[in-house]
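Please read the structure below before turning to the comments.
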Amino acid sequence: METYASNAPTQTTSQVGKTGVLIVNLGTPDSPSVPDVRKYLREFLLDGRVLDIAATTRYFLVNGIIAPFRAPKSAKVYRELWTETGSPLKYYGEVVERELQKALGNEYVVTLAMRYQSPSIDAGLARFQRLGLNSIIVIPFFPQYASASTGSVYEKVMDIVKSWQVIPEIKFINRFLEHPKFIQGFVQNGRKYMDTRNYDHYLFTYHGLPERQILKGDVTGKVCKLGDCCGKLHAMNQHCYRAQCFETTRRLVKELGLPEGSYTTSFQSRLGRTPWIKPYTDEVIKELTAKGVKSVLAFSPSFVADCLETTIEIGDEYRELFEEKGGEHWQLVESLNDSPIWIETLVDLVKTA
Numbered sequence: 003m004e005t006y007a008s009n010a011p012t013q014t015t016s017q018v019g020k021t022g023v024l025i026v027n028l029g030t031p032d033s034p035s036v037p038d039v040r041k042y043l044r045e046f047l048l049d050g051r052v053l054d055i056a057a058t059t060r061y062f063l064v065n066g067i068i069a070p071f072r073a074p075k076s077a078k079v080y081r082e083l084w085t086e087t088g089s090p091l092k093y094y095g096e097v098v099e100r101e102l103q104k105a106l107g108n109e110y111v112v113t114l115a116m117r118y119q120s121p122s123i124d125a126g127l128a129r130f131q132r133l134g135l136n137s138i139i140v141i142p143f144f145p146q147y148a149s150a151s152t153g154s155v156y157e158k159v160m161d162i163v164k165s166w167q168v169i170p171e172i173k174f175i176n177r178f179l180e181h182p183k184f185i186q187g188f189v190q191n192g193r194k195y196m197d198t199r200n201y202d203h204y205l206f207t208y209h210g211l212p213e214r215q216i217l218k219g220d221v222t223g224k225v226c227k228l229g230d231c232c233g234k235l236h237a238m239n240q241h242c243y244r245a246q247c248f249e250t251t252r253r254l255v256k257e258l259g260l261p262e263g264s265y266t267t268s269f270q271s272r273l274g275r276t277p278w279i280k281p282y283t284d285e286v287i288k289e290l291t292a293k294g295v296k297s298v299l300a301f302s303p304s305f306v307a308d309c310l311e312t313t314i315e316i317g318d319e320y321r322e323l324f325e326e327k328g329g330e331h332w333q334l335v336e337s338l339n340d341s342p343i344w345i346e347t348l349v350d351l352v353k354t355a
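Using the working numbering, you'd call the opening residue of the sequence shown number 3 and step up by one each time.
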């Protein structure tokens, strides 16, 4: 079996043939303090795949306006999110790292990384390089592919390893929305609430993206219409984030047995004045209450771990909006977090990579 020499002085034979598994989530500030939040925002928003505008404009916009003025407000929200164990997203990542290592056994080396902040992708890959592993599997924790999330992880990994003298075999998990256990994990979490009461409506809300990023992904320039073109996932739109989100909803709806008309797919977290993919979650909430909907069960299938966008935005802010507009009961379905079925999903992804 082929192995390679790393930068480390020696290589233990026990590592020969092992596979590194790099699990990567988006990231979180090191603390809810204003300086740490500002540092996180800068790294996140200076990524050209996230804020896809001219580099000079992006630099001055982020450093001169967004980070200085948004950091204090964001820090306040992060303090609401923080627990005794720190950032939920990082905490769940660390638990998953341990549990996945146990489940995979000694043939694998599992390492958690964040695309932004710590633990870094650089540190995770450096560990693999020192161990002289046979191959590497990279699993971005994003069920649906998007240039700003999965694509950014790919770019970062490739940018790091391009300087290695010897690059081992590297495999990337592009998406996993079709994996039965991923779907079943959200179904199990949702049914816990569905078994206790009847809901008027079911909302599947996904992180949003600027429309321009979706249009850029259509290499033909002819398929994407930002509308009914997402009604089915096929060869020509399979990499479209919006189409993948609608496909995720269809799979969840089928397993949950929801009737047509009882559910909606929407997109949250939009920023700025440019158009983002629609429908917007906050506008959908207003439309639902105007129709007399009193109870909603909300799913967030673009997140595998609870974070600011689930716990605070969906769980608190959208609940407040729903109640303000006349709704009575709003329930967020938790993400997969560190559940056994999520670990099983990851094991399957590794073994079939």
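Glycine included, every Cβ here is placed at the ideal spot set by N, Cα and C.
Taking every protein chain shown into account, the CB of residue 236 has fewer than 16 other CB atoms within 10 angstroms, so this residue is exposed. Residue 55 counts as exposed, since fewer than 16 other C-beta atoms from the protein chains shown sit within 10 angstroms of its C-beta. Rounded to whole angstroms, the separation of the alpha carbons of residue 204 and residue 41 is 37 Å. A distance below 7 Å between beta-carbons, with the five flanking residues on each side excluded, links residue 32 to the following residues of its chain, in chain order: 38, 119, 120. Looking at the backbone, the Cα of residue 276 and that of residue 108 are separated by about 49 Å. When rounded, the separation of the alpha-carbon atoms in residue 52 and residue 44 is 11 Å. Residue 175 holds the alpha-carbon nearest to the alpha-carbon of residue 24 among 211, 245, 175, 48. Ranked by Cα distance from residue 173, the first of 22, 200, 181, 93 is 22. The C-beta of residue 342 has fewer than 16 other C-beta atoms within 10 Å across all chains shown, which makes the residue exposed. For residue 189, same chain residues with a beta-carbon under 8 Å away, outside a window of 5 residues either side, are 254, 257, 258 in chain order. By the CB criterion at 8 Å, residue 279 and residue 346 fall outside the cutoff. Look at residue 74 here: in three-state DSSP terms it is helix. The beta strand (DSSP E) runs lying completely inside the stretch 282-333 and spanning 3 residues or more are 297-301, given in chain order.
At the C-beta level, residue 192 and residue 299 come within 8 Å of one another.
C-alpha of residue 73 to C-alpha of residue 30: approximately 13 Å in a straight line. With a 10 Å radius around the Cβ and a threshold of 16 neighbouring Cβ atoms, residue 183 comes out buried. In the three-state DSSP reduction, residue 240 falls in the coil class, being neither helix nor strand. Here the alpha carbon of residue 186 sits roughly 19 Å from the alpha carbon of residue 333. Collapsing the DSSP output to three states places residue 28 in a strand. Close CB contacts of residue 215 within its chain, under the 7 Å cut and outside five residues either way in sequence, are with 54, 149, 150 (chain order). Distance between residue 260 and residue 76, taken at the CA atoms: about 36 Å. Under DSSP, the beta-bridge partners assigned to residue 113 are 24. Taking C-beta separations shorter than 8 Å and ignoring five residues to either side along the sequence, the partners of residue 266 in its chain run 203, 204, 205, 206, 281, 286, 290, following chain order. If you check the CB distance, residue 246 and residue 146 come in under 8 Å. Excluding residues up to 5 positions away in sequence, 314 lie with their Cβ nearer than 7 Å to the Cβ of residue 82 in the same chain. Between residue 307 and residue 80, the C-beta gap is not smaller than 8 Å, which leaves the two residues out of contact.
Non-local C-beta neighbours of residue 49 in its own chain, meaning closer than 7 Å and more than five positions away in sequence, comprise 154, ordered along the chain. Residue 88 sits in a strand when the DSSP states are folded into three classes. In this structure, DSSP gives residue 201 a state outside helix and strand, which the three-state scheme calls coil. Under the three-state reduction of DSSP, residue 138 is assigned to strand. Cβ neighbours of residue 336 within its own chain (closer than 7 Å, five residues either side excluded): 191, 308. A buried status is given to residue 344, since no fewer than 16 other beta-carbon atoms sit within 10 Å of its beta-carbon. For residue 216, the uninterrupted alpha helix (DSSP H) segment begins and ends at 213-218.
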